[in-house]
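This report concerns only the one structure given below.
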Amino acid sequence: MFNIRKEISLERWPNDCKVAVVPIINAEVFIKGHGGPCIQPHLSNLTPDIANSGWRNYGNRQGTTRLLNTFSNLKIPVSIAMNSYLIDQEPDVFEEIRIHATHNENIDIIGHGLTNSLSAVKHISFEEQVKQSLNQIQQAAGHEQRPQAWLTPGFAAPEDSAKILVDNGIRLSLDATDDDIIYELKSSTGGDKGLFILPYSMETNDISLCMCQGYTGEQYAQTLTDYIYELASEETTKAKVVCLGLHTFIVGTPAKAFHFKQALQTIQQIPNISIAVQTKMTNSTDANPWRKWIGIIWLLVEVNLISANIFGFSALFKVLPKYGIYGKYCELSTVLNSTNEDCTGQAQQYQNALTLGIIFFNLPSMFVGILIDKFGGRFVKLIAIIFHVVGWLALALVKPDKFVAICSHPVHSIVWNHIGSSLSASIWYSIFQVLIDNGKITLSQLSYVWMSFGVLMFISSFLFLDWKFPILNLGYTMDTELEQIQTISTINANNKSKWYTNIYQRVGFWKYLLNSLYILVVLYLSILLMPNILLSVTWYPWIYYISQNNKTISDQYTFAFNMASLSQIILCPMVGLCLAFRAEQNPKQKLLNVAIMQTLAWVLNILLCIICMFVNSTVIVPALVFNYMARSVIVAGSQAVISTFFPSEYIGRLTGIMWTLAGAITCIQYGLVHLTADILRSWRAWAIVLALIVCMSCHLIQI
């Protein structure tokens, strides 16, 4: 039995709206001799019942067109709850519905049984009615139009209806009238699948108002606007929803359609309102399960294998001199009749290239985020493949003393790294170093091998990612629960308002961009990443000096430094679990979790800065450990906060802007690197970073 009610933690709908208004046109057929709604009840016993049956048929033949045109002209989404017998009994009406649903993404079809003449199908079990209805609609309208939502005719649903609906692929049911929030029913016997419940309000149903209470069109329209306005003005921590039950033979008649259109125009102007189509929860969360899991596994392998995160680039500091890169910066010095080669200047050039690469690694993220939100992940990944190829080709063809060439690899890798780079992927540069040192392969050959992975990336783009173009799309989408409810924002805020008005009124995207939590997360990430970046750039020269110019020891520690990034495969999920701890209970718990993780990252980075001020072998291992712990907490924590606290429709832009600002602030690193040229005096750079981190103690006010 599906008898466990699960509350859904949804404070706002997409577009920052408090109330989602869900219009539902009921396209129904009634079997002759089995009655139905009547406009002239005293004539219902006649055979044939010309007055009442003709009135209902008028609704299908004229009211359907009138309502669809109203919604289309106002550019408002609508769902159509359709009896499947309509397909054969009213083929012209069905064809009009099918065309609208096929060519307009804001119109979809809800399963609504076989017919509303319940006595005509009482010999057919509820389960069989569900199967027949869904199959008939799918066969006639196409696979993509198979309903994901259900409204039982006359609410004549048995006790086990929820299980039957779930077993037949239904994700959302309107068979409830007991609330104004969406909730989920789960089975007491276990199982992952649940059934979302969208309450179908009786207070806004045209049969309730116009047939039962006898409202005029004007009274009906006023009731709708009053109901919705009051919901939108209430102080609440939960997103509300209200269904507008519409029947073609009531609201589809000219007089009531006139007042209903005026009501819709008024509703569009109410603040904090979205008019939504609710059935496209997923295209099919049950379709192609093997493909989804293979996709998840492949993309996980891909980001850990192919991306080669730029933070591991310092492992090549030993390899690059073999190819004469910046060899002119090495100088011969004579001490006590002994001639030595001083390559401090050469190492400084490598550090400069890596520093610029890290800066440019983040700067374009804002534009990448906008592209992801606008065009989808596949589109951006195809662009990233181009940068991937150019970046590795630059490293394969790198020539001595070409600063632009050596910078080209990290810079051209930025887009690919943004679209799918794992923190642990920095290990590959150390593996490259070992292979090259042992003569197994050359840097150029390795670069060509990694460049060739662009072919696999291209294939996976079409197999496992989607975009927002109407061709070659996946047959499934990932289930993001209620985030996939499609909404169109109201005209008053997002469409009519000037951009500067949206900023100071904090409407839509601007509300989240100017949110105090978002600003704090951005500042936190930008400042607390500085020790990790500085250590990544200065690690090899620092170790080389501590080991008294012992290249073997320096290589070993650098290898360990990059291989230790594998720890983030464990550390990052642990951070996510800590942030999610009891987070569903209330917003304060979520904020407390964030504050605790911020404090942990703050303390770890303070310790890291202090440790790195010393120049002796006893601090090497602690620096390595604290570096990856701090990096995991701040990076995973910041991105988890963005994805948890903010709507998914803005995540691309919010994440991109966060990393772009982090990259801009990181520009200070270019100056700090020069302070580390003299290793014994490198504490100056760490002192500056430490001072900035201490200033971030302002986060403690959250606790």
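Numbering (the working numbering), first residue to last: 341 to 1043. Ideal Cβ positions, reconstructed from N, Cα and C, are used throughout, including at glycine.
Excluding sequence positions up to five before and after residue 710, its CB lies within less than 6 Å of the CB of 993, all in the same chain and listed in chain order. The region 556-573 makes no contact with the region 372-390: fewer than 3 CB pairs, one atom from each, lie closer than 8 Å. As the crow flies, the alpha-carbon of residue 551 is around 51 Å from that of residue 919.
Sequence-distant Cβ neighbours of residue 504 in its own chain, meaning closer than 7 Å and more than five residues away, are 466, 467 and 470.
At a Cβ-Cβ threshold of 8 Å, residue 912 and residue 972 count as neighbours.
DSSP places residue 550 within a helical segment (H, G or I) once states are collapsed to three. When secondary structure is reduced to three states using DSSP, residue 342 falls in the coil class, being assigned neither helix nor strand. Excluding its 5 nearest sequence neighbours in each direction, residue 595 has C-beta neighbours in its own chain below 7 Å: 557, listed in chain order. Note on geometry: alpha-carbon atoms of residue 1008 and residue 928 lie some 35 Å from one another. Secondary structure note for residue 783: its alpha helix (DSSP H) is the uninterrupted segment 783-792.
For residue 1036 and residue 361, the gap between their C-alpha atoms comes out near 42 Å. Between residue 691 and residue 959 a beta carbon distance of about 20 Å is seen, past the 8 Å cut, so the two are scored as non-contacting. In the three-state reduction of the DSSP assignment, residue 400 falls in the helix class, which pools H, G and I. For residue 903, DSSP assigns no beta-bridge partner whatsoever. Shown here, residue 659 sits in coil according to DSSP, grouped into three states, outside any helix or strand.
Relative to the Cα of residue 538, the nearest Cα in the group 527, 922 and 489 belongs to 489. One thing to note: residue 863 has its Cβ no nearer than 8 Å to the Cβ of residue 963. The region 539-607 is shown to contain whole alpha helix (DSSP H) runs of 4 or more residues at 557-573, in chain order.
When the Cα atoms are used, residue 575 and residue 351 turn out to be separated by approximately 11 Å. The alpha-carbon of residue 501 is positioned some 27 Å away from that of residue 438.
Here the region 517-532 makes no contact with the region 476-483; the two share fewer than three CB pairs at distances below 8 Å.
Residue environment for residue 637: exposed (fewer than 16 other C-beta atoms within 10 angstroms of its C-beta). Around the C-beta of residue 917, fewer than 16 other C-beta atoms lie within 10 Å, and the residue is accordingly described as exposed. Collapsing the DSSP output to three states places residue 536 in a strand.
Secondary structure of residue 363 (DSSP, three-state): strand. Taking a C-beta distance under 8 Å as the contact criterion, residue 588 and residue 403 qualify as a contact pair. Taking the Cβ atoms as the reference, residue 368 lies roughly 5 Å from residue 423, within the contact range of under 8 Å.
In the three-state DSSP reduction, residue 496 falls in the coil class, being neither helix nor strand. When beta bridges are read from the DSSP output, residue 447 appears opposite 418.
Each of 633, 472, 545 and 593 was checked against the Cα of residue 804, and the nearest Cα belongs to 633. For a cut-off of 8 Å, the C-beta gap from residue 977 to residue 937 is around 5 Å, short enough to register as a contact. Following the DSSP letters along the chain, one finds residue 430 in no alpha helix (DSSP H), marked with neither H nor E. In terms of Cβ geometry, residue 1033 and residue 949 form a close pair [threshold 8 Å].
When the alpha-carbon of residue 607 is set against those of 383, 572 and 639, the nearest one is in 572. CA-to-CA, the gap between residue 879 and residue 795 works out to about 34 Å.
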